[in-house]
Amino acid sequence: MSRARITLDRDFTIGEVPRRLFGSFVEHMGRCVYTGIYEPGHPEADENGFRLDVLKLVKELGATVVRYPGGNFVSGYNWEDGIGPRGDRPRRLDGAWHTVETNAFGLHEFVDWSRLAGTEIMEAINLGTRGVDAAREIVEYANHPGGSYWSDLRAKNGHKDPFNIKLWCLGNEMDGPWQIGHKTAEEYGRLAQEAAKAMRFVDPDIELVACGSSNSGMPTFGAWEQTVLTHAYDEVDYVSLHAYYQEHDGDAGSFLASAVDMDYFIESVIATADAVRAKGKHKKHINLSFDEWNVWYQRGLDTQDQPHNVAKAGWREHPRVIEDKYNVTDAVVVGTLLNSLLRHGDRVKIANQAQLVNVIAPIFSEENGPAWRQTIFHPFARMAELAKGQILRLSVDSDKYENARFGGTDLVDVSATWDEETGRLALFFANRGLEEAADIEVALRGFDARQVVRAEVLEIPEDGDRFTINTQSRPDQVGLKPLEGAKASGSELRATLPALSWAVIELDVAKD
Ligand code: AHR
C-alpha cells in the first residue's frame, strides 16, 4: 500500500473554477458531425437531424463550451459553404482529412444544436487559405444585428436575431507544417493581429484566441508564442495550447505521468506570455486556452481509421477516422489531465477535450445504431458536475514511483474545489500505482466535515484488466461505482484508492 498525505486550507485558494475548462470540440472530421451529433433518418434523430440519444449524453457529460468547426479542417474551409438552402451548398474536398464535405451541416445547424445542448460556441476561423476579409465577414454574419449585407443574409437564412458568438479562434495550429496554409510565426503573428483588429471593428465585445504551439515538442515551441504575442498582444485575449498523450511501447508508468508534461507546457506558456507582457510594458495578462487535449493513439498505419489509410481508401463522406477506444488506463490519465487544468485555473480559462463524438471522443455512436459512454467520459462528467466555486491550493506529500520519461512522479494526483454556496468540498483523485492501492489522508484546515455525500471510483472491473474498454454490447463495463470506506469527520478525510483508479469524494462541510 502506498500513502499520500494532502493538506488543504479554506483560505488558500487559486481562484474561481472557470466553467469553460469543461469544454469540448466538434470538428468536421470523420464521424464527429455526420452520424455523430447529426444523422437525419436515425430513429433517435429530431426533425433537424440532431441525434437525441447523443445529445442526452452530451448533456450528461456537462460540456460547457464547444469549439467548431476545426481543427485542421478549418484551415481549408469556406464558412459560406455551410449557409443557405441545403440543396445549393457545394460538395467540397476536405484536404485535411481526405474527405468529401457535403456541407449539409454548417453554422446555422451548429448554432441550433448548441442551443439544444446548452453549450457556448467557440468558433474557429480559417487563417490558412483565407484572411482578414473572411474573418470580419463571418463576425458580421454572426453578430451584427441587421441592416448590412451579411447580417441581412443571416436573417434571410432563418436567424433574424444575431448569434452573439463571443469566443473566436484565430485559425488552428498554424505552426504545424501539416496545416493547410502553414505560416511562420512572423507571418501568422501579423495576420492574427490584423484579423483580430478587423473582427473587433465589427464587434468590440468578442474574445480572441491566438494560435500557440501544436504541442510542447514542436521545434518552434516558445519562440512561436513569443513572436506571435509580440505582434498580437494588444488584440488578443488568449493563446492556445494543444496536447495529446498516449502509451508508447507498454510504458504505462510514463503514460500515467502525462500530466507532468501538461504542467510543464502550461507553466512554460504562462512564463513566455508574461515575458512578452513585461518587455512590451503591457498591462493586461494573456490567459491560456487549452483548446485541444486528450489521449490519442497515433498508430501510423495499423488500422483502417488512421489518416494514411483513410486517404488511401479514396474520397468518401464521413469515413471512420481515429476512432480510438478508451480503456481504464486512459480514463485515469484523463482524470490527471483534468486535475492539471484545474490546478492552473488562475490562467487556463478555457479547455476543450478533443473531440466530442466518435473521433477520439468520450461518446461513441454507431450509424443507425446506439450511442454509449467511453471510459474517459466518467472523470470528465463528474468533474464538470462537481468542480464548482473556488479551486483550492493543495500541499501533496505522496509516495513516488519511477518512470522513464519523467523520473520520480507522485503516485497520487489530486485537485480540489470548494463551493461556499452549496457547502460542498469536492476532491478528485487518481492513483497511478499499477499494483498498489493508495492510502489517503487529507487534512481539511478551516473546514468541519459533516459527511461524505458522494464517493465514487473508476477502476479495473473484476473480470477485466487495465485495457478493458466499453463496447456496443458491453457499454457499461467500465464506469463509476461506490468507493467503499471513505470517511470524513471534523478536519480529516481518509480513504483508500484501489490500484490504477480515478475517484471523486464530495463532502458536506461547515466552516469552523
Ligand atoms: O483533433 C484532431 C486534430 O488534431 C485536429 O484537427 C488538429 O487541430 C490536431 O492536430
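In our numbering, the protein residues as written are 1 to 512. Here a beta-carbon is modelled for each residue, glycine too, at the ideal position from N, C-alpha and C.
Can you tell me the Cα-Cα spacing of residue i and residue j, whole angstroms?
i       : j       : result
Leu-394 : Thr-417 : 10 Å
Ala-196 : Gly-128 : 15 Å
Gly-49  : Leu-57  : 16 Å
Tyr-233 : Met-199 : 15 Å
Asn-215 : Ile-266 : 11 Å
Asp-9   : Gly-446 : 6 Å
Gly-171 : Ile-125 : 5 Å
Asp-175 : Ala-243 : 14 Å
Val-412 : Arg-494 : 14 Å
Pro-162 : Leu-208 : 18 Å
Asn-339 : Thr-329 : 16 Å
Gly-87  : Val-100 : 16 Å
Thr-119 : Val-359 : 19 Å
Arg-424 : Val-509 : 6 Å
Phe-467 : Asn-327 : 5 Å
Trp-178 : Glu-421 : 47 Å
Glu-366 : Pro-43  : 12 Å
Arg-565 : Gly-131 : No statement about residue 565 is possible, as the shown extent of the chain runs from 1 to 512 and does not include it.
Taking only three categories from DSSP, how would you classify residue i?
i       : result
His-242 : strand
Gly-253 : helix
Asn-143 : helix
Asp-133 : helix
Ile-165 : coil
Tyr-401 : strand
Tyr-218 : Here the sequence assigns Met to residue 218, which means Tyr is not the residue at that position. Residue state, collapsed to three classes: coil.
Ser-148 : coil
Leu-500 : coil
Ser-340 : helix
Phe-447 : strand
Asn-470 : coil
Glu-226 : It should be noted that the sequence gives Gln, not Glu, for residue 226. Note: Gln-226 maps to helix in three-state DSSP.
Ser-114 : helix
Tyr-264 : helix
Trp-178 : coil
Ile-270 : helix
Arg-432 : coil
Gly-280 : coil
Phe-105 : coil
Asn-72  : helix
Asn-287 : strand
Leu-191 : helix
Since residue i contacts residue j with CB under 8 Å, what's their CB separation in whole angstroms?
i       : j       : result
Phe-25  : Leu-356 : 6 Å
Tyr-238 : Leu-288 : 6 Å
Arg-31  : Arg-320 : 6 Å
Arg-20  : Glu-39  : With a Cβ gap of about 28 Å, Arg-20 and Glu-39 do not count as contacting.
Gly-433 : Ala-499 : 5 Å
Trp-261 : Asn-352 : In the sequence as presented, Trp is not what sits at residue 261; that position holds Asp. Asp-261 to Asn-352, Cβ: 18 Å. No contact.
Thr-519 : His-378 : Residue 519 lies beyond the range of the chain shown here (1 to 512); nothing can be said about it.
His-241 : Gly-212 : Looking at the sequence itself, residue 241 is Leu, so the reference to His does not match. That belief holds up - the Cβ atoms of Leu-241 and Gly-212 are roughly 5 Å apart, short of 8 Å.
Leu-229 : Ile-286 : 6 Å
Cβ of residue i versus every heavy atom of ligand 1: is any distance shorter than 8 Å?
i       : result
Phe-73  : yes
Met-262 : no
Gln-374 : no
Ile-595 : Outside the modelled stretch of the chain, which goes from 1 to 512, sits residue 595, for which no answer is possible.
Phe-380 : no
Phe-265 : no
Met-29  : yes
Asn-143 : no
Lys-387 : The amino acid occupying residue 387 in the given sequence is Ala; Lys does not appear at that position. Checking every heavy atom of ligand 1 against the Cβ of Ala-387, none is found closer than 8 Å.
Ala-96  : yes
Tyr-238 : no
His-242 : yes
Gln-306 : no
Asn-172 : yes
Glu-441 : no
Val-357 : no
Trp-168 : no
Phe-25  : yes
Give me, in chain order, the residues of the same chain whose beta-carbon lies closer than 6 Å to that of residue i; leave out the 5 immediate sequence neighbours on both sides.
i       : result
Ile-270 : Arg-347
Arg-154 : Tyr-141
Arg-382 : Val-504
By Cβ distance below 8 Å, which residues in the same chain neighbour residue i in space, the five residues on each side in sequence not counted?
i       : result
Asp-251 : Asn-403, Ala-404 and Arg-405
Gly-345 : Ile-14, Gly-15, Glu-16, Val-17, Pro-18, Leu-21 and Ile-391
Met-1   : Glu-436, Ala-437, Ala-438, Asp-439 and Thr-496
His-182 : Gly-128, Met-174, Asp-175 and Gly-176
Ala-311 : His-98
Excluding the 5 residues flanking residue i on each side, which residues of the same chain have their C-beta closer than 7 Å to its C-beta?
i       : result
Asn-470 : Trp-372, Arg-373, Gln-374, Thr-375, Asp-476, Gln-477 and Val-478
Ser-489 : Ala-449
Glu-186 : Thr-227
Under 9 Å between C-beta atoms, does residue i make it to chain D?
i      : result
Arg-92 : Looking at the structure shown, chain D is missing, and only one protein chain is on hand.
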